[in-house]
Amino acid sequence: MHKDLNKNKCLQMYKHLYLTRRYCEMVVELGDTGFIRGPLHPGLGMEAVVVGVLNAAENDDFIGVSHRGQAASIVRNVNVGLLFAEQFGKLEGCNHGRGGTMHFNLFNEKRVFELDSEVAGKVPIFTGVALGCKLKGLKQISVVFYGDGAMSEGWIYESMNMAKKFNLPVIFVVENNRYAVTTKVEYSCSAKNLTDRAKAFGFEGIEVDGMDVEKIYAVAKESVSKVRNGGGPINIVANTYRFCGHFTAEKILNLHYRSQEEIAEWETRDPIATWPQKLIDEGICSSEEIQSVKEMVEKEITEAVEFAKSGKLPKPEDALKDMYATQYPGSPRKGWF
Amino acid sequence: MREIRYLQAVAEALNNEMKISDEVLVMGEDVRESLRGVTKGLYTTYGKDRVIDFPISEQGMIGCGIGSAISGFRPVIEFQINEFTFFAFEQLILQSQRLRFYSGGKIKIPLTYIVPGSGARGGISGQHSDNPYSFLIEGGMKVVIPSCAYDAKGLLISAIRDNDPVAVFLPTRVLAEKGEVPEEQYTVPLGKADIKKTGSDITVVATGHCVNIALEVARKLEEEKISVEVFDPRTLFPFDKETLKESISKTGKVVIIDDSPVSCGFGCEVSALIGEEYFNLIKAPVKIVARADVPIPFSEPLEEVVLPNSAKLENAIRELMGRTNA
Amino acid sequence: MTEQISKETMAGFFRILETICAAKESIATLAKNNEIRMQVKRINYGEEAIALGVCTALKESDIVINTSEGISSLIARGGSLNAIFAEIFGKSEGYNNGIRGSFNISVPELGIYSANSFSDTGVAMGTGFALASRLKDENKVVAAFYDNETVNEGIIHESMNIASAFDLPMLFVCKNSKNFKGPIPEEFLQSKEFGSRSLGYGLESTTVNGMDVESVYSTAKDIIKSIRETNRPAILECITNSCREELCGCKSNSDSKNVNCENEFNGKTIKENFSKILREKNILTQKEIENVQTEVSVLVKKAVELSKAGSDPKPENLTEFMYADEYSNILKTGGLL
Chain A
4 MHKDLNKNKC
14 LQMYKHLYLT
24 RRYCEMVVEL
34 GDTGFIRGPL
44 HPGLGMEAVV
54 VGVLNAAEND
64 DFIGVSHRGQ
74 AASIVRNVNV
84 GLLFAEQFGK
94 LEGCNHGRGG
104 TMHFNLFNEK
114 RVFELDSEVA
124 GKVPIFTGVA
134 LGCKLKGLKQ
144 ISVVFYGDGA
154 MSEGWIYESM
164 NMAKKFNLPV
174 IFVVENNRYA
184 VTTKVEYSCS
194 AKNLTDRAKA
204 FGFEGIEVDG
214 MDVEKIYAVA
224 KESVSKVRNG
234 GGPINIVANT
244 YRFCGHFTAE
254 KILNLHYRSQ
264 EEIAEWETRD
274 PIATWPQKLI
284 DEGICSSEEI
294 QSVKEMVEKE
304 ITEAVEFAKS
314 GKLPKPEDAL
324 KDMYATQYPG
334 SPRKGWF
Chain B
38 MREIRYLQAV
48 AEALNNEMKI
58 SDEVLVMGED
68 VRESLRGVTK
78 GLYTTYGKDR
88 VIDFPISEQG
98 MIGCGIGSAI
108 SGFRPVIEFQ
118 INEFTFFAFE
128 QLILQSQRLR
138 FYSGGKIKIP
148 LTYIVPGSGA
158 RGGISGQHSD
168 NPYSFLIEGG
178 MKVVIPSCAY
188 DAKGLLISAI
198 RDNDPVAVFL
208 PTRVLAEKGE
218 VPEEQYTVPL
228 GKADIKKTGS
238 DITVVATGHC
248 VNIALEVARK
258 LEEEKISVEV
268 FDPRTLFPFD
278 KETLKESISK
288 TGKVVIIDDS
298 PVSCGFGCEV
308 SALIGEEYFN
318 LIKAPVKIVA
328 RADVPIPFSE
338 PLEEVVLPNS
348 AKLENAIREL
358 MGRTNA
Chain C
230 MTEQISKETM
240 AGFFRILETI
250 CAAKESIATL
260 AKNNEIRMQV
270 KRINYGEEAI
280 ALGVCTALKE
290 SDIVINTSEG
300 ISSLIARGGS
310 LNAIFAEIFG
320 KSEGYNNGIR
330 GSFNISVPEL
340 GIYSANSFSD
350 TGVAMGTGFA
360 LASRLKDENK
370 VVAAFYDNET
380 VNEGIIHESM
390 NIASAFDLPM
400 LFVCKNSKNF
410 KGPIPEEFLQ
420 SKEFGSRSLG
430 YGLESTTVNG
440 MDVESVYSTA
450 KDIIKSIRET
460 NRPAILECIT
470 NSCREELCGC
480 KSNSDSKNVN
490 CENEFNGKTI
500 KENFSKILRE
510 KNILTQKEIE
520 NVQTEVSVLV
530 KKAVELSKAG
540 SDPKPENLTE
550 FMYADEYSNI
560 LKTGGLL
């Protein structure tokens, strides 16, 4: 276990894991009961990757996450009420109801951006953020998360190339959950090992067990340090799994791309179920302390949902606001005479 | 005649074309499991050499489609999300649409692009709610947007049989609609509009699911003795201007309702055509009811505000008819 | 080299090389005198051996995807000088009815296709030809060229990944010039590292001296044989010192009589070195070499004369060029026709 992982740190990380899990489960429930519109993309089972990496990074590092990356906002202590409110489309939401479930933009406040209605678009953007850090001589780094499916996009290649050539402080984290909706990674990715993509550009690619939050923390801590000290980009490939479907609509679509046995096997490695016992067995913390965290999380979730339910919907006049930073009369056009 | 859903009609059209001709291939992401429903069962029937799942590489996939098309296949490329134009504009327009031209007409590229579930689905906001067909029309690509199950089957078959790239937009809001659809393969020709409802007072040019909005408004206004003619172009490009001319000659007034951004959109295209070639046939300015020039916001009240709807269409018609809400 | 190249083949290579060089010199002169609509600074020298070696190693039924330095491939595949020059003059007798002009000419009867844009992204189209060949069991190989300018484009990544994941019979030929300067930053031009990107796709990459006709031919022949047998794509990286005025900054092409690039190699040098080898190996005497040069010169002159007298394409044909299936009034001409 990494030397940093004392009781407080472990309990904090467990809280992040458990809060993320309960947040996602609650989102599905609220979707089923009509409070949240649209198909939802929870990341049940994948929490450890973002939690582990963000706890290893500094709070002012820049983070770009995927549509299953709500853990990032949670690690950065965003009140989950703001996230629920955003998903309800309320004014109190973190983006005033404008962005919804796939666009949590807390870049200014917390340096976190969940920008992922399309899988790889944020990678060049966060490579650019790293360029900004370097040009301004900042000590912060940029960390960007994307999936195994997104690895096939051309923009990843372009970003990795530029990151290496300009020696940028960026960490590319691949959340390899083995499936891009229904397409297996073995089918779509021709590299023999996923880390070969980074090695092809001459920088380090590290593979890690994405269900083991301690291992992720250790790998991330070392990578963050190297990158911050001017070592250039690093690629971390975290092997993880989503217990739920790609999105909530999968239930009715009747898709059969993986077996129940496979899902059950990965569920036995669920860190939220297995890690607390390990901590208790190793004497890091007690079962009462774990229970206390759980109760705190349940209370937070309940309050957050109430906050969101009581929020206000935006006014129709708000629809055309915020398109431009510099306004000119007559724009944007309304579209109906 | 039996009634089937729009999506079923599309799936049937594709399945039967694949049966008729070995040249027809399906390419896309998650087409084997059929995430969107258009390709359901095709993999089981036709196998891995005709139904091909691609990695998430839109540009690479279209390029592959282009090469296969030049080599004698008829690939049907399905795009999981509407905004493919933006990712893959280079391959779509610079290559697939222009290669024939630059070869001096020596090659043909019989590609079909399908966009199942185009337009706003409700709650998917900014990047999954577009109708990017104006960009394609500007690039010279043929574009069709069937509004009902009958047209959907016929137009898709025509698109596949056409020897140029054709983009087929299947609006989200009509996918579940039922309609009478013949069992045999038949074509609805490209470039031919359809009058969905005859009328004498005003022509409403409506695209995609806006046809249903227009029909709903027409039924309401019928009670006030306002006779609305609903003109469904079906093919946005090449556009059937002869049929439009006939309609305008009758009514002399036009409102266009279209679910894409107002600026440089399809509505502007038709309006300019009328202004230039049929000016002497109209008695009032042409009105356009379209999307606001903003991406679709997530929150429900905001989403509804920026999209064209029946209230806005009704207001436009009333204003042109010179009457207020009696 | 696994097998000796026959004297007849070598003599044939010389004729092709001489034709390419003579054609280019003529084009440079025409451009300089404003007799054709092409800029002198766009003409490229130094990649002739690559096109020659690869194209002659392919079978007639194989496919070539060209870059904008297309003239070498056109001539190496037996293209007609008359049709090539007619196209460059924009005449209807040209290979593309005078519509394309320049070097991005597609000639279906020779199996040569060119993508449309300056950044030469035809590699993706190449995967389609390879896929079609596999589906129809035609046993073709597709050779797709790309160079320093396009090597960092995401579409190269996507195409290589698709070719490798689907076992498509493609040869990716990277023309890696040590000479490219201009708008491309220095960091992006290191030689020999483009081939190493093959690791990201589980592919083999071979590096060869792109200025040496025999090396390129023999290596390409071996690799193409292997691709045909295994359907596994491969990368051939050809190191060259090509010169294109707008990128290499010298004025060599401006005076076609005195192609004297300050850089070490260029097209003239390829030809001079090859002539030397032919004389030393008693394949051609100096007299025979000069005879070929005279013959070729006559052919090039004739092509230019014929082209000048050619006919302009007719505006009425524009619709047919644009669309294979016509509908009434389909092409709007902005009121100009």
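Protein chains in written order, with our numbering: chain A, 4 to 340; chain B, 38 to 363; chain C, 230 to 566. Even for Gly, the Cβ is constructed at its ideal location relative to N, Cα and C. Note that the structure is a prediction, hence the values are computed from the model and not measured.
As assigned by DSSP and simplified to three states, the class of residue i
i        : result
Asp3/A   : Examination of residue 3/A is not possible in this model, given that chain A is present from 4 through 340 alone.
Ala204/B : strand
Asn546/C : helix
Pro172/A : coil
Pro462/C : coil
Asp325/A : coil
Gly314/A : coil
Met64/B  : strand
Phe87/A  : helix
Arg180/B : Correcting the residue identity first, residue 180/B is Val in this sequence and not Arg. Strand.
Asp277/B : coil
Gly216/B : strand
Phe316/B : helix
Leu400/C : strand
Cys467/C : strand
Glu117/A : strand
Thr208/A : The amino acid at residue 208/A is misidentified as Thr; the sequence shows Gly. It is a strand residue.
Buried versus exposed, by CB contacts within 10 Å (16 or more), residue i
i        : result
Leu138/A : exposed
Tyr170/B : buried
Tyr244/A : buried
Asp541/C : exposed
Met165/A : buried
Gln268/C : exposed
Val527/C : exposed
Asp484/C : Bear in mind that a pLDDT of 43 at Asp484/C, under 50, signals an unreliable position, so the model cannot answer this.
Pro219/B : exposed
Ala343/A : Examination of residue 343/A is not possible in this model, given that chain A is present from 4 through 340 alone.
His259/A : exposed
Ala46/B  : buried
Ala361/C : buried
Phe274/B : buried
Pro319/A : exposed
Thr240/B : buried
Distance between beta carbons of residue j and residue i, contact taken as under 8 Å
i        : j        : result
Thr122/B : Leu173/B : 6 Å
Ala223/A : Met163/A : With 8 Å as the limit, Ala223/A and Met163/A do not qualify as a contact, their Cβ atoms being about 18 Å apart.
Asp151/A : Asn196/A : About 12 Å; that fails the 8 Å criterion.
Tyr187/B : Gly216/B : 5 Å
Ser336/B : Gly92/A  : 3 Å
Ala576/C : Ala286/C : The structure shown does not extend to residue 576/C, since chain C is modelled only from 230 through 566, so no value can be given for it.
Ala204/B : Val152/B : 7 Å
If contact means a Cβ-Cβ distance below 7 Å, which residues of the stretch 123 to 151 of chain B contact chain C? Going along the stretch 123 to 151 of chain B in chain order, one finds Glu127, Gln128, Leu131, Gln132, Arg135, Leu136, Arg137, Phe138, Tyr139, Ser140, Gly141, Gly142, Lys143, Ile144 and Lys145 with a Cβ nearer than 7 Å to chain C.
In chain order, each alpha helix (DSSP H) run of at least 4 residues that lies wholly inside the stretch 232 to 304 of chain C: If you keep only unbroken alpha helix (DSSP H) runs of at least 4 residues inside the stretch 232 to 304 of chain C, you get 236 to 261 and 277 to 286.
Pull out every residue of the stretch 424 to 437 of chain C whose Cβ sits closer than 9 Å to any Cβ of chain A, in chain order. Those would be Ser425, Arg426, Ser427, Leu428, Gly429, Tyr430, Gly431 and Leu432, in chain order.
Any residues in the stretch 253 to 266 of chain A with a beta carbon nearer than 7 Å to a beta carbon of chain C? Which ones, in chain order? Residues of the stretch 253 to 266 of chain A that bring their beta carbon within less than 7 Å of a beta carbon in chain C are absent altogether.
So within the stretch 301 to 379 of chain C, which uninterrupted alpha helix (DSSP H) runs reach at least 4 residues, ignoring any that extend past its ends? The qualifying runs are 310 to 317 and 352 to 364.
Mind pulling the beta strand (DSSP E) runs of 3 or more residues that sit fully within the stretch 120 to 171 of chain B? The stretch 120 to 171 of chain B contains these whole beta strand (DSSP E) runs: 149 to 155.
Residues within the stretch 157 to 191 of chain A neighbouring chain B, beta-carbon criterion of under 8 Å: Going along the stretch 157 to 191 of chain A in chain order, one finds Gly157, Ala183, Val184, Thr185, Thr186, Tyr190 and Ser191 with a Cβ nearer than 8 Å to chain B.
Got a sec: which bits of the stretch 154 to 183 of chain B sit with their beta carbon under 7 Å from any beta carbon on chain C, in order along the chain? Against chain C - using a Cβ distance shorter than 7 Å - the residues of the stretch 154 to 183 of chain B are Gly177.
Could you run through the stretch 190 to 206 of chain B and flag, in chain order, every residue whose CB is less than 7 Å away from some CB of chain C? Those would be Asp199, Asn200 and Asp201, in chain order.
Give, in chain order, every residue of the stretch 76 to 108 of chain A whose Cβ lies closer than 9 Å to some Cβ of chain B. Here the close residues are Glu89, Gln90, Phe91, Gly92, Lys93, Leu94, Gly96, Asn98, His99, Gly100, Arg101, Gly102, Gly103, Thr104, Met105 and His106.
Which of the residues in the stretch 65 to 88 of chain B, read from start to end, lie with their CB under 7 Å from any CB of chain C? Those would be Asp86, in chain order.
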